[in-house]
Amino acid sequence: MTITPAQQIELDKFPTALRLLVEQELAAGNSIIEFGHSFPAPPVGAYLKLANKVSTRARVTGDMLSFYERHNSSYSGEFTDAQRFYFVLEPPNPPPPEPDMDALRKSYQPQPYSSQRDLPTSRSPAREAGLETTRGTSPATNIDSAASQALSIEESATGSTRVLHFRDNRAPQQVKSTLEREVRTLFTPTMEHGVLCLRATAIVVGADYDFLLRFEAALLEKNCYSLRMDVSWAAQASNNDAYYRQTSGSWFARWTGDFMAANAPLANESSAQHYRQLCDETFNFEQELDSVPAIQQTILAAVKRGATFRTSHKEGDTKIYWKNGRYVRSDYGDYPDEQPFRDDTEFLKMLYQFCRWDVTRNSGKDQLSEIDTWRLILRRMDPE
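So the mapping is simple: my numbering equals the position in the sequence shown, first residue as 1, plus 18.
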């Protein structure tokens, strides 16, 4: 199969071993569906994605190329050079059937709580003891027995703890990015007793939320995670207990709606080498975005390639995007308008004002730094 002149120019920049691989695949009938200069490639490199998996050589490391099986939502495998600047990506695997999350959530019954506000809340010393201390229910339902163990709920009069085990083909940094986008807070990765843990805090409508995302295991087909959410509303008036109890469960359901519930992995299921590799990638993720200008330039380049910012409200919708060589903000609904921006500076000023309230609304009294605000603005961007 032939490629376009523009694609050939991009391909000529690839190292010889990767270029030969692509040429062999094209000769065998494969085709190129995408070129890019974003993750997993650094800014100085590039990636291309094939329409089909590689068939002209074994999908293993060798012959000056490194191969990694990824199984994420963007691609299923990658061939890369020694410097990891250039990548040949394979298309993602077909997604597995999605479970009925509504039926799954309805099957769980929270443990009884007392109306006495002096009972222990989720802010007890046991919270740091790990997921094994959380008590759960496993009702007899028609839900798969593995999935029925996936969620545990512990409640008191002024707080609750929820722990969800789930499996996902995305890497830890991608799950982290998804949660940061949904919760409007940044997760910090650390290694704790050999386990990758990502922690975050938020204040949502006056209640204190603490999150612990654990990367439990790296399997052949999926990665295993658990997400623990501790919430306390002890500082609020007692007549609001029912409100916070209900809304905390609703928030958790919304934030985890993208995850496939599953039982916790067995002790010997994880690949130690693959686990360490994914941990390293998490710590190296977006290291180059260490300043406000670096994040801004990433956003500008992505918008020019087709990324957008969107929001919906009762008066209509807003879309921010690149159109006919200019940045544009289009408002639809009761007050339709289209506003172009002359340059990067003017556009970034508008974008910061447009997104700032939304990305900082769960930070509470602690003001986010400018760079953390821009990190969350980056999370709000819909990819091209």
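Cβ atoms here follow ideal geometry from the backbone N, Cα and C, with glycine treated the same way.
Of the choices the options, whose alpha-carbon is the least far from that of residue i?
i: Y350; options: K322, F359, T336, W340; result: T336
i: F277; options: M119, R88, G95, P33; result: M119
i: G80; options: F97, R347, A220; result: F97
i: S346; options: Y353, L182, L369; result: The sequence shown places Val at residue 346, rather than the Ser named in the question. Closest option to V346, Cα to Cα, is L369.
i: L231; options: W251, L284, D186; result: D186
i: H89; options: T20, L214, K240; result: K240
i: Q291; options: A235, L284, K341; result: A235
i: Q191; options: N48, I313, C297, S348; result: C297
i: A253; options: L216, R37, T176; result: T176
i: A59; options: P207, N111, G47, E304; result: E304
i: N111; options: R102, G95, A121; result: G95
i: Q295; options: S244, T329, L214; result: L214
i: D361; options: L318, R328, A285; result: L318
i: Q371; options: Y293, W392, A260; result: W392
i: D308; options: T20, D390, F85; result: D390
i: Y65; options: S348, E28, V193; result: E28
Alpha carbon to alpha carbon, how far is residue j from residue i? Give it in angstroms, no decimals.
i: L169; j: L39; result: 45 Å
i: S142; j: D228; result: Its pLDDT being 37, under 50, S142 is placed unreliably by the model, and the measurement read from it follows with that caveat. Rounded to the nearest angstrom, the two C-alpha atoms are 12 Å apart.
i: E200; j: L394; result: 10 Å
i: G54; j: A255; result: 53 Å
i: A69; j: D400; result: 23 Å
i: L237; j: S288; result: 5 Å
i: S195; j: R397; result: 7 Å
i: P283; j: R180; result: 18 Å
i: Y10; j: S174; result: The requested residue 10 is not part of the displayed model; the chain covers only 19 to 402.
i: Q264; j: S178; result: 10 Å
i: T363; j: L204; result: 25 Å
i: T326; j: C373; result: 12 Å
i: H331; j: G324; result: 23 Å
i: I171; j: F270; result: 11 Å
i: L386; j: V310; result: 13 Å
i: P117; j: G343; result: 43 Å
i: A24; j: V72; result: 22 Å
i: I313; j: A100; result: 26 Å
i: L137; j: N258; result: Confidence at L137 is low in this model, with a pLDDT of 48, below 50, so its placement is unreliable and no value can be given for it.
i: E388; j: T378; result: 11 Å
i: A46; j: A76; result: 14 Å
i: L334; j: T274; result: Looking at the sequence itself, residue 334 is Gly, so the reference to Leu does not match. Rounded to whole angstroms, G334 to T274 spans 26 Å at the Cα level.
i: Q26; j: A285; result: 47 Å
i: E306; j: G382; result: 28 Å
i: E87; j: W251; result: 44 Å
i: P33; j: C242; result: 34 Å
i: A10; j: T329; result: What is shown of the chain runs 19 to 402, which leaves residue 10 out entirely.
i: I18; j: S348; result: Only positions 19 to 402 of the chain appear in this structure, which leaves residue 18 out of reach.
i: E41; j: R102; result: 20 Å
i: E356; j: E402; result: 21 Å
i: A320; j: P61; result: 12 Å
i: N302; j: S244; result: 22 Å
i: V193; j: Y293; result: 15 Å
i: T20; j: F233; result: 42 Å
Do residue j and residue i come within 7 Å of each other at the CB atom, strictly closer than that value?
i: Y104; j: G63; result: yes
i: K31; j: I51; result: no
i: N380; j: V223; result: no
i: T22; j: E43; result: no
i: A35; j: L83; result: yes
i: V249; j: S266; result: yes
i: K322; j: W340; result: yes
i: Y262; j: A225; result: yes
i: R188; j: S91; result: yes
i: L197; j: P207; result: no
i: Q167; j: N281; result: yes
Can you say whether residue i is buried or exposed, counting buried as having 16 or more other CB atoms within 10 angstroms of its CB?
i: R272; result: exposed
i: H211; result: exposed
i: T300; result: buried
i: R246; result: buried
i: H183; result: buried
i: W375; result: exposed
i: A9; result: Here the chain has residues from 19 to 402 only, and residue 9 is not among them.
i: V78; result: exposed
i: R202; result: buried
i: P114; result: exposed
i: T316; result: buried
i: A218; result: buried
i: A144; result: The predicted model places A144 with a pLDDT of 35, which falls under 50 and marks its position as unreliable; any figure quoted below should be read in that light. The residue in question, A144, is exposed, as its Cβ has fewer than 16 Cβ neighbours within 10 Å.
Under 6 Å: does the beta carbon of residue i sit that close to some heavy atom of the ligand GTP?
i: Q191; result: Looking at this structure, you won't find the ligand GTP or any other ligand, since it has none at all.
With a cut-off of 7 Å, does the C-beta of residue i fall near any C-beta of chain D?
i: F32; result: This model lacks chain D altogether, as it is built from one protein chain only.
Check your understanding: Fully enclosed by the stretch 251-299, which alpha helix (DSSP H) runs are 4 residues long or longer?
Key -> Segments of the alpha helix (DSSP H) lying fully in the stretch 251-299: 259-273.
Point to revise | beta strand (DSSP E) segments (min. 3 residues) lying fully within the stretch 53-102 | key: Contiguous beta strand (DSSP E) elements confined to the stretch 53-102 occur at 64-68, 84-87, 95-98, taking only those with 3 or more residues.
Practice item. Write down every uninterrupted run of the beta strand (DSSP E) in the stretch 307-377 whose length is 3 residues or greater and which is fully enclosed by it, in chain order. Key: 327-331, 334-341, 344-351, 355-359
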